[in-house]
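Notes for the one structure printed next.
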Amino acid sequence: MWRYTSGSILKELKQNSIWLSDMGADCPKIGMLIGSDNYGKILTGRVRQLKGGLTVVCTKLGWVVCGASDEDY
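Listed below in structure tokens is the structure:
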């Protein structure tokens, strides 16, 4: 599982007051996956589009980053 560690994506998240909890190489491994059949149950309705095409979605568990990026935007 790839994790964001630096760069323009993190700067943009910070500018939008979006904080990710699972970041960096020293984070614990992901212990649970939520299937798409339950994903809608944890959504809060807050969604933001980032400049590079990524989407961030707020859930009851925190923000989720969705999409692909080359980190060069």
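In numbering that gives the first Met the number 0, the protein residues as written are 0 to 72.
All residues carry an ideal CB built from backbone N, CA and C; glycine is no exception.
Predicted, not measured: the structure shown is a model, and the values here were computed from it.
Here LEU49 is buried: its Cβ has 16 or more other Cβ atoms, across all protein chains shown, within 10 Å. For LEU42, the enclosing beta strand (DSSP E) has its first and last residue at 42-48. The C-alpha of SER16 lies about 23 Å from the C-alpha of ILE29. Between TRP62 and SER7, the alpha-carbon positions lie close to 17 Å from each other.
Rounded to the nearest whole angstrom, the CA to CA distance from GLY39 to VAL55 is 14 Å.
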